[in-house]
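All residue numbers in the sequence shown are consecutive under the numbering used here, ending with 181.
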Amino acid sequence: MSVTDSSNGAADQDRKWYVIHTYSGYENKVKTNLEHRIESMGVQDKIFQVVIPAEEEIEIKDGQRRTVQKKVYPGYVMVEMAMDDDAWYVVRNTPGVTGFVGTTTRPSPLQDEEVKKILKKIGQEPPKVKVSFTKGERVKVVDGPFTDFIGVVDDINPEKGKVRVLVSFFGRETPVELDFLQVQRIV
């Protein structure tokens, strides 16, 4: 989660969350540009937070486990602001911003329930494991008592980070539950 808070205790009743559309992949750059524009144009009392909705995901590549930030809504950034002409101008003319989500003449604020749900989702969920295996795929066991055995993925449990592989053992297909790190795709 990436959040910037510039609150100065200004008109809380006017605070609403808006979504701006950006070029996909430029969300971080837009956030940085917008933060600089908020500072340089002195609108901290109108634009309070800039959030890129992202969640942690555990990715396994080449037998290495690493945590990466994955954007929940690629191409979109959330902005908490008191909408007026100055605030609209600052956000709309920030490099990388293609527009507000809403009608062409008037940006639509998010409902409070939507905002709470999104902020809860990006702030409290445990990291998700990115599954790079598919059922029926051939894999090689690289760790544990079945090292160097070749098998077929039978079941995947991303919550536990486990995969069930059918290996040929004494002439029979035997199901073996292994950690994602213990198996590797056969290329």
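For each residue, glycine too, the CB sits at the ideal point set by N, CA and C.
The structure presented is a predicted model; accordingly, all values stated were derived computationally and were not measured.
Within the same chain, Cβ atoms closer than 7 Å to the Cβ of residue 116 are found at -5, 47, 48, 49 and 66, the five residues on either side in sequence being excluded. With contacts defined by Cβ atoms closer than 8 Å, residue 70 and residue 26 do not form a contacting pair. Taking C-beta atoms as the reference points, residue 160 and residue 169 count as a pair closer than 8 Å. Three or more Cβ pairs drawn from the stretch 23 to 42 and the stretch 88 to 95 lie within less than 8 Å of each other, which places the two stretches in contact. With a beta-carbon spacing of about 7 Å, residue 84 and residue 32 fall inside the 8 Å limit used to define contacts.
For residue 62, the number of other beta carbons within 10 angstroms of its own is below 16, and it is reported as exposed.
The beta carbon of residue 143 sits closer than 7 Å to the beta carbons of 135 and 161 from its chain, once the five residues preceding and following it are set aside; these are given in chain order. For residue 168, the enclosing beta strand (DSSP E) stretches over residues 166 to 173.
Bridge partners of residue 137 according to DSSP: none are assigned. With fewer than 16 other beta carbons inside 10 angstroms of its own, residue 107 counts as exposed. Its chain contains 11 as the residues whose beta carbon lies nearer than 7 Å to that of residue 109, once the 5 sequence neighbours on both sides are disregarded; these appear in chain order. When only Cα atoms are considered, residue 177 and residue 133 end up about 6 Å apart. Sixteen is the threshold: since fewer than 16 other Cβ atoms of the shown chains lie within 10 Å of the Cβ of residue 180, the residue is exposed.
In the structure shown, residue 131 falls within a coil segment according to DSSP collapsed to helix, strand and coil. The beta carbon of residue 147 sits closer than 7 Å to the beta carbons of 127, 128, 129, 130, 131, 133, 157 and 159 from its chain, once the five residues preceding and following it are set aside; these are given in chain order.
By alpha-carbon distance to residue 59, the top candidate from 18, 124, 21 and 114 is 124. Bridge pairing for residue 63: 50 [DSSP].
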